[in-house]
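Undergrad: Sharing a structure below in C-alpha cells format, with a few things to ask.
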Amino acid sequence: MYFLPEKLDHYIVAHSEQEPELLQELTRETYQKVLQPIMLSGPYQGRVLSMISKLINPKSVLELGTFTGYSTLCLAEGLSSDGVIHTIDINEELVDFQRKYFDRSKYGHQIIQHTGNAIDIIPTLHTMFDLVFIDADKPNYSNYFNAVIDKLEAGGIILSDNVLWHGKVVEKLKKKDISTKAVLDYNTLLKNDDRIETVVLPIRDGLTISRKK
Ligand SMILES: C[S@@+](CC[C@H](N)C(=O)[O-])C[C@H]1O[C@@H](n2cnc3c(N)ncnc32)[C@H](O)[C@@H]1O
C-alpha cells in the first residue's frame, strides 16, 4: 500500500540510498523459497532502518521478528565495532537461511540468533539495549513494549513497524479484527506513556520512533 501518491513514492526511493547487492539477493531467495515474502522490510524502509541505526551507532540492538534477516542486516550497518544484535524469531525453519546471509555480510559475528517466542526469550536477555526494533506478531506489540522498556537505556530508541496497519487504524474497527485492535491499543499506549516521547512516521506501513527519556 502506498500512503503517498505512487509517483512521489518512486521519486523518494530513486533519490535515497541504493539497497546493497546482498540484500537484493536475500530478497530474491526469500521470494523463491519462503512463505509470505511480503513481510520483508524492503529496499526503502531498509535504508531508513540503516540510516537510523547509523545515527544511533548502537552497542546493543534487539530485534523482534527476524524473518529472513533483511532488517537485521540493515540495523547491523549502524552497529559500533564491538556492538551486537540479538534477533528473535519463533520460526525455526528460517534459522539456516538467516545465518547464511548473516555470514556472507561483515556483521555475521555480531548477530546472535534466538529461536522461540519473543515473550519468553526477552526476560532471558540480561543486557541493556540502545535500539529495539519491534516487528513480530501485532497482538503482542504492547506486551513486547512492556517487556523491553526496562531494558532500554535512557536515550534509547524503540522502532515499531506496521503501526498504520494498511491504513486500518483510521477505518471502522471490525469486531473480529484482533490485529487492528492490538495496533490501535499499542499506538495509544506509546502516545500516553510518560517514559518515552514518540513520533509516528508515514514510512511504508507506518514506523514509530519512541525515545526513552
Ligand atoms: C513481519 S516479519 C519480520 C520481518 C523482518 N523484520 C524484516 O524486516 O524482514 C514477522 C516475523 O515475526 C515472527 N514472529 C511471529 N510471532 C512471533 C513471536 N511470538 N516471537 C518471535 N517471533 C515471532 C514471524 O515468524 C515472522 O518471521
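Residue numbers (my numbering): 1 to 213. Positions of the beta carbon are idealized from the N, C-alpha and C atoms, including for glycine. None of these values were measured; they are calculated from a predicted model.
Going by alpha carbons, who is nearest to residue 75 out of 28, 110, 194, 166?
TA: Working through the sequence shown from its first residue, we reach residue 75 at position 75. The candidate whose alpha carbon is nearest that of residue 75 is 110.
Undergrad: Using the DSSP secondary-structure output, state which residues sit across from residue 197 in a beta bridge.
TA: Start at 1 with the first residue of the sequence shown, and residue 197 comes out as number 197. Bridge partners of residue 197: 211.
Undergrad: Counting pairs of Cβ atoms below 8 Å between the stretch 57-69 and the stretch 4-22, do you hit three or more?
TA: Taking 8 Å as the limit for Cβ pairs, the verdict is that the stretch 4-22 does not touch the stretch 57-69.
Undergrad: Apart from the five residues on each side of it in sequence, which residues of its chain come closer than 8 Å, Cβ to Cβ, to residue 123?
TA: Sequence index remark: in the sequence shown, residue 123 carries index 123 (1-based). Taken in chain order, the residues that qualify are 147.
Undergrad: Our contact map puts residue 237 next to residue 69 with C-beta atoms below 8 Å; I'd like the distance itself, whole angstroms only.
TA: Lying before the first or after the last residue shown, residue 237 is absent from the chain, which here runs from 1 to 213.
Undergrad: Tell me whether residue 41 counts as near ligand 1, meaning its Cβ is closer than 7 Å to at least one heavy atom of that ligand.
TA: As a working mapping, residue 41 is identified with position 41 in the sequence shown. Yes.
Undergrad: Consult DSSP for residue 96 and reduce its assignment to one of helix, strand or coil.
TA: Position 96 of the sequence shown, counted from the first residue, corresponds to residue 96. DSSP places residue 96 in helix when its eight states are reduced to three.
Undergrad: Assign residue 122 to one of three DSSP states: helix, strand, or coil.
TA: As a working mapping, residue 122 is identified with position 122 in the sequence shown. Helix, per DSSP.
Undergrad: Compare the beta carbon distance of residue 45 and residue 203 with 8 Å and say whether it is the shorter of the two.
TA: Locating residue 45 in the sequence shown gives position 45, where the first residue counts as 1. Locating residue 203 in the sequence shown gives position 203, where the first residue counts as 1. Yes. Within cutoff.
Undergrad: Pull up the CB-CB distance for residue 140 and residue 205, whole angstroms please, since I reckon it's below 8 Å.
TA: Within the sequence shown, residue 140 is the residue found at index 140, counting from 1. Within the sequence shown, residue 205 is the residue found at index 205, counting from 1. Not really, about 17 Å apart at Cβ, beyond 8 Å.
Undergrad: Determine whether the beta carbon atoms of residue 135 and residue 50 lie at a separation below 8 Å.
TA: As a first step, residue 135 must be located in the sequence shown, where it is residue number 135. As a first step, residue 50 must be located in the sequence shown, where it is residue number 50. In this structure, residue 50 does not lie closer than 8 Å to residue 135 by Cβ.
Undergrad: Roughly how many angstroms separate the alpha carbons of residue 168 and residue 183, rounded to a whole number?
TA: Within the sequence shown, residue 168 is the residue found at index 168, counting from 1. Within the sequence shown, residue 183 is the residue found at index 183, counting from 1. Distance between the alpha carbons of residue 168 and residue 183 is about 9 Å.
Undergrad: With distances taken from CA atoms, which of 73, 118, 80, 117 is nearest residue 99?
TA: What you label residue 99 is simply residue 99 of the sequence shown in a count that begins at 1. Nearest C-alpha to residue 99: 73.
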